[in-house]
Amino acid sequence: MLTIFSTNCIGENTNQITIYVGGSGPGNYTTIQNAIDSADDNDVIYVYNGEYQESLIINKSITLIGENNENTIIDAGGEDYVIKLNTDNIKITGFTLQNSGSVFPNAGINVQTKGNIITNNKMINNYYGMVLLYPTSHNTISNNYIANNKQCGIYFSGAKHNTLTDNYVDTQPFNGFGLYDFSDHNTIKDNTMTHNQYCGINIRDSYYNTVEGNNLIENTVGLHIPPPECKTTIGENTFSDNTIRLEEERDLIIHAQATSIILILLGFLYFKRKIN
476 MLTIFSTNCI
486 GENTNQITIY
496 VGGSGPGNYT
506 TIQNAIDSAD
516 DNDVIYVYNG
526 EYQESLIINK
536 SITLIGENNE
546 NTIIDAGGED
556 YVIKLNTDNI
566 KITGFTLQNS
576 GSVFPNAGIN
586 VQTKGNIITN
596 NKMINNYYGM
606 VLLYPTSHNT
616 ISNNYIANNK
626 QCGIYFSGAK
636 HNTLTDNYVD
646 TQPFNGFGLY
656 DFSDHNTIKD
666 NTMTHNQYCG
676 INIRDSYYNT
686 VEGNNLIENT
696 VGLHIPPPEC
706 KTTIGENTFS
716 DNTIRLEEER
726 DLIIHAQATS
736 IILILLGFLY
746 FKRKIN
């Protein structure tokens, strides 16, 4: 079943086709990947409830909509990623994404592109819930439920200028969100991180990130931030029953230099005492 929407704006061609997967309509696709392969940029793919045993590659700027994020399930069967985004400006909403492969960077969603919107999904029983890898930037990730994955809920590496709001991240064996390797200028706001075995939010080697209005509940470390020179902005976060509420990293080079100076002074004093 194909539905065409059009507008009559002067100088603008916005014909949009909706392609259907599953259900009982005539011409509906049976696999999501076949529908993606048949789509053009700006098309919408609507997926009816069901379990789809697939590992998807999206290489077009499309909107992928699931009927219901409880019952529209994409299961990778332990192979690779559930969804890999290979182009910019993709929208994904309304799915359970589960059972990725178990090597880095397998995940419920693997993102290395820009301007994507990922909202109202469930990511469970993957290696990572999601990975945001260089050069990804300017993605909006909101209102997702991320739980019981094998590593981090969301792992950042060189991922910049992303906005993450109102996500619920529960029971990760490492971090809820882990920001590494110059993952700079990200906004992390109004998320809930609970029962994560290392950090709710763990920021390392990354600059100018904003962490505000988050609920950090029963994690080992609620929030870990890098040294002050990394200019992390934090405010109005709620901490409840974490083993460590807030942990601030110290600059290891400065610490090592200070330790060396102390040891030299102690050695000098000891030597002077021996002479006297």
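Just so you know, we're using the numbering used here here: the sequence shown kicks off at 476 and counts up by one. Using N, Cα and C, we set each Cβ at its ideal position, and we do this for glycine too.
Cut-off 6 Å between Cβ atoms - residues of its own chain near residue i, not counting five sequence neighbours on either side
| i | result |
| --- | --- |
| His437 | Given that the chain is displayed from residue 476 to residue 751, the structure contains no residue 437 and the question cannot be resolved. |
| Thr713 | Asn690 |
| Leu443 | Because the chain here runs from 476 to 751, residue 443 falls outside it and cannot be looked at. |
| Tyr673 | Phe649, Asn650, Thr695 |
| Ser612 | Lys589, Lys635, His636 |
| Asn517 | Gln491 |
| Val606 | Pro580, Ala582, Asn585, Tyr630 |
| Ile719 | Val696 |
Coarse secondary structure for residue i, derived from DSSP in three states
| i | result |
| --- | --- |
| Glu724 | coil |
| Asp645 | strand |
| Asp512 | helix |
| Ile537 | coil |
| Ile507 | helix |
| Cys705 | helix |
| Asn677 | strand |
| Val550 | Reading off the sequence shown, one finds Asp at residue 550, where the question assumed Val. The answer is strand: DSSP assigns Asp550 an E or B state. |
| Ile621 | strand |
| Phe631 | strand |
| Thr640 | strand |
| Thr568 | strand |
| Gln491 | strand |
| Val606 | strand |
| His699 | strand |
Chain C within 8 Å of residue i, Cβ atoms only
| i | result |
| --- | --- |
| Asn694 | In summary, chain C is missing from the structure at hand, where a single protein chain is found. |
Whole-Å CB distance - residue i paired with residue j, under 8 Å assumed
| i | j | result |
| --- | --- | --- |
| Thr588 | Ser617 | Wrong, their Cβ atoms sit about 17 Å apart, outside the cutoff. |
| Leu572 | Ile549 | 5 Å |
| Leu639 | Asn666 | 6 Å |
| Asn600 | Asn642 | Not really, about 17 Å apart at Cβ, beyond 8 Å. |
| Asn591 | Asn624 | Actually they are not in contact, since the Cβ atoms of Asn591 and Asn624 sit about 19 Å apart, beyond 8 Å. |
Paired residues, beta bridge with residue i - DSSP
| i | result |
| --- | --- |
| Asn690 | Thr667, Thr713 |
| Lys589 | Ser612 |
| Gln430 | The chain is shown only over 476 to 751; residue 430 falls outside these bounds and no answer can be derived. |
| Gln672 | Answer by DSSP bridge pairing: none, since Gln672 is not bridged. |
Close-in-space but distant-in-sequence residues of the same chain around residue i (CB under 7 Å, 5 per side omitted)
| i | result |
| --- | --- |
| Ser530 | Ala551, Glu554, Asp555, Tyr556, Val557 |
| Glu711 | Glu687, Gly688 |
| Pro701 | Ile678, Arg679, Asp680, Ser681, Thr707, Glu724 |
| Asp656 | Ser632, Gly633, Asp680 |
| Gln508 | Glu529, Leu531 |
| Ser513 | Ile494 |
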